[in-house]
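K.L.:
In our numbering, the protein residues as written are 12 to 681.
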Ligand SMILES: [Ca+2]
Ligand SMILES: [Ca+2]
């Protein structure tokens with residue numbers, strides 16, 4: 012394994028050159044987790060320290076500092092409660108399955124040895140010879156994990172779809188239209204709009220698409236795949252037949268309203284641009300992204316970097332995960348993921364589930380399914396499905412940076428409280444941006460969502476909230492507070508253009524919504540559909556969106572109780588127009604300071620009419636200063652709280668410019 016390092020496709024060299032920076036970043040992280048690290052310090056005196064990787068590494072060694080193991084898995088087979096595995100710099104192409112659990116006070120720890128940069132990868136290099144196939148397209152003979160797509164993950168090596176990387180970046184399965192930027196898998200301009208009058212959907216779901224723009228290819232499109240989205244429903248279908256300018260396929264819904272934009276894939280002739288690949292079951296075809304020769308090509312082979320099912324009291328710290336994820340199960344207690352850097356964690360193309368909007372919801376993301384599991388200080392980027400799933404009592408996602416998730420277009424989201432028992436989970440201090448639909452999708456209650464910074468949501472899907480729930484979900488015990496929710500990025504030209512901050516649809520309730528700041532959202536900041544008590548309660552929020560096409564800051568249909576809405580600042584109208592007794596409606600200028608970062612702009616000036624004009628609401632306004640609570644999310648003279656993670660990498664993505672490519676400020680060391 013370590014012998015591969017010299018020619019390793021994933022750029023370990025570039026990682027290593029950033030080592031000092033990584034270390035600086037991690038040092039910064041430890042400040043916020045010093046209490047936790049102290050606890051671990053006492054655990055370390057308990058067990059054996061094993062070493063993995065570096066010069067003379069071999070699994071025949073005893074795993075000492077001078078005679079280290081070669082694989083992490085070798086160490087994982089000998090560890091006992093309280094042991095520590097220290098890993099040297101390297102890319103480890105394996106799935107780690109610990110043989111034993113830790114115990115309370117004797118946690119097993121996987122971590123880098125000192126400043127080592129450790130990658131656990133689900134991908135392997137392509138080793139065969141590449142020959143020119145045609146033009147700039149190369150090909151190599153190779154057996155990939157599958158041809159086409161799988162409906163379900165049935166084992167570590169049954170992928171839902173193949174995935175190909177060059178220099179650590181995901182390439183695009185040959186498609187039409189092309190993806191214009193390999194870093195941006197959710198650019199609506201990279202899809203083809205269904206032409207008006209070009210689509211016939213029969214009552215049985217047979218869809219006939221006539222679009223003269225569809226390129227004619229020698230092999231025809233039959234047998235290929237169409238992915239499309241319309242309104243809130245994404246679908247895929249095998250193309251049944253094709254003729255020039257026409258394809259025929261199956262839709263689950265027969266209404267044209269569910270057809271907005273699409274792409275076609277699954278055909279070699281669609282491979283016509285740098286960065287595209289195709290696999291025909293025998294050959295892998297690739298047009299290298301820079302137009303040059305093929306090198307540093309990897310393909311995904313394994314779903315899991317760590318498989319912790321049935322294991323408990325294990326900490327994984329400061330390890331990079333590439334092209335794979337981490338799973339646990341309901342028996343996995345006290346798992347801690349700290350300082351993880353995970354990229355391309357889950358990938359799929361097709362959406363086979365009967366409940367198509369939740370396709371692959373139960374098999375994507377970093378999955379923390381047992382009690383008291385924690386992910387913190389981590390970066391999760393690029394998932395076709397979920398980012399993180401919290402399924403067990405007391406699970407926590409704290410201080411993470413999560414972006415570019417749900418590029419499959421479904422209801423999968425950045426942090427998902429897994430449906431089922433309403434166990435208590437906490438989603439706090441995360442920075443979440445660039446999601447296909449919502450940042451957080453709720454199907455059950457008892458979730459605390461606090462101090463998160465959420466923006467640029469809804470890149471593919473529409474009629475949504477950054478935090479969304481529907482289907483009559485019982486959200487009892489849920490509180491959404493002190494979040495910044497802003498800059499909705501859904502299609503504002505759509506006929507259903509709701510890009511709300513919080514949208515509790517179809518009688519999903521009751522939630523306490525307090526002290527959130529909203530700006531630059533679309534249609535509504537808070538939107539509730541609630542027919543009867545117990546209603547959602549909405550207190551001390553600052554709803555500052557004022558786009559010219561904005562509808563109502565707050566919308567509650569068909570009703571709400573006057574007692575359930577109060578102390579809010581609205582900068583647009585509300586519906587029904589029945590503000591709480593202490594609400595500050597749009598005709599009154601709240602006199603924001605209009606300076607500072609993010610939501611801090613919406614603090615109050617000393618002459619604000621919101622100061623000391625709020626009602627006392629037990630459990631909500633307890634920390635007020637002055638003679639009475641203020642109206643809105645920020646108490647004048649009170650705590651100037653901020654939202655989002657403290658990781659230095661968040662500075663790479665400054666808002667409010669939604670053109671994130673312009674906003675990338677370079678790497679951490681800059
Ligand atoms: Ca193409
Ligand atoms: Ca006050």
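Glycine included, every Cβ here is placed at the ideal spot set by N, Cα and C.
1. Counting along the chain, where does the alpha helix (DSSP H) carrying residue 84 start and finish?
2. With a CB to CB cut of under 7 Å and the five nearest residues on each side skipped, what residues in its chain are close to residue 232?
3. By DSSP, does residue 62 sit in helix, in strand, or in coil?
4. Who's in the neighbourhood of ligand 1, going by beta-carbon under 7 Å from any heavy atom, listed in chain order?
5. Less than 9 Å between the beta carbons of residue 2 and residue 509, yes or no?
6. Could you tell me which uninterrupted alpha helix (DSSP H) segments, each at least 4 residues in length, are contained entirely in the segment 475-553, listed from first to last along the chain?
7. Which residue wins for smallest C-alpha separation from residue 571, given the options 594, 639 and 542?
8. For a quick check, are the C-beta atoms of residue 479 and residue 507 less than 9 Å apart?
9. Taking 8 Å as the cut-off, is the C-beta of residue 573 nearer than that to any heavy atom in ligand 2?
10. Going by the DSSP bridge assignment, what does residue 211 pair with across the sheet?
11. Buried or exposed for residue 382, going by 16 or more other Cβ atoms inside 10 Å?
12. Return the residue from the list 304, 452 and 177 that minimises the CA-CA distance to residue 372.
13. With DSSP as the reference, label residue 662 as helix, strand or coil.
14. At a cut-off of 8 Å, would you count residue 525 as near ligand 2, judging by its Cβ distance to the nearest heavy atom?
15. Going by Cα to Cα distance, which pick from 96, 636, 302 and 304 is closest to residue 648?
16. Taking the beta carbon of residue 26 as the centre, do at least 16 other beta carbons fall within 10 Å, making it buried, or is it exposed?
17. Short of 8 Å in beta carbon distance, which residues of its chain neighbour residue 214, apart from the five on each side in sequence? Order them along the chain.
18. Thinking C-beta only, is residue 431 closer than 9 Å to residue 389?
19. Taking 6 Å as the limit between beta carbons, can you name the residues of its chain near residue 604, skipping five residues before and five after?
20. Per DSSP, what are the beta-bridge partners of residue 347 in this structure?
21. Residues in the same chain with beta-carbon distance under 6 Å from residue 409, minus the five sequence neighbours each way, listed in chain order, please.
22. Quick one: what's got a C-beta closer than 6 Å to residue 688's C-beta in the same chain, skipping five residues either side?
23. Just curious, the beta strand (DSSP E) that residue 122 is in, first and last residue?
24. Does the contact criterion of 3 or more C-beta pairs under 8 Å hold for the segment 82-90 versus the segment 103-110?
25. Verify whether the separation of the beta carbon atoms of residue 686 and residue 157 is less than 9 Å.
26. Look at the alpha carbon of residue 199 and the alpha carbon of residue 546, and state the distance between them as a whole number of angstroms.
27. Residue 600 by DSSP, collapsed to three states: which one?
28. Reducing DSSP to helix, strand and coil, say where residue 457 ends up.
29. Under 9 Å, do residue 333 and residue 306 count as touching if we go by C-beta distance?
30. Am I right that residue 524 and residue 374 are in contact with their C-beta atoms under 8 Å? What's the rounded C-beta distance?
31. Alpha carbon to alpha carbon, how far is residue 657 from residue 39? Give it in angstroms, no decimals.
32. Under three-state DSSP, which class holds residue 224?
33. Please name the residue or residues paired with residue 451 in a DSSP beta bridge.
34. Tell me which residue opens and which closes the beta strand (DSSP E) that residue 589 is part of.
35. Looking at residue 647 and ligand 2, is the gap between the Cβ and the nearest heavy atom below 8 Å?
36. Tell me whether residue 145 is buried or exposed, calling it buried when 16 or more other Cβ atoms sit within 10 Å of its Cβ.
P.N.:
So, to answer that:
1. 83-89
2. 250, 253, 258, 275 and 278
3. strand
4. 185, 186, 187, 189, 281, 282, 283, 284 and 287
5. Residue 2 lies beyond the range of the chain shown here (12 to 681); nothing can be said about it.
6. none
7. 542
8. no
9. no
10. 219
11. buried
12. 452
13. helix
14. no
15. 636
16. Note that residue 26 scores a pLDDT of 42, beneath 50, so its modelled location is shaky; the value from the coordinates is reported in the next line. Under this definition residue 26 is a buried residue.
17. 265
18. no
19. 614 and 616
20. 326 and 385
21. 387, 439 and 440
22. No answer is possible for residue 688: it lies beyond the span of the chain, which begins at 12 and ends at 681.
23. 119-123
24. yes
25. Outside the shown range of the chain (12 to 681) lies residue 686, about which nothing can therefore be said.
26. 36 Å
27. coil
28. coil
29. no
30. In fact, because the Cβ distance is near 31 Å, the residues do not count as touching under 8 Å.
31. For residue 39, the predicted model reports a pLDDT of 33, less than 50, meaning its position is unreliable; a value from the coordinates is still stated below. Going from the Cα of residue 39 to the Cα of residue 657 covers about 9 Å.
32. coil
33. 478
34. No beta strand (DSSP E) contains residue 589, which DSSP labels as neither H nor E.
35. yes
36. exposed
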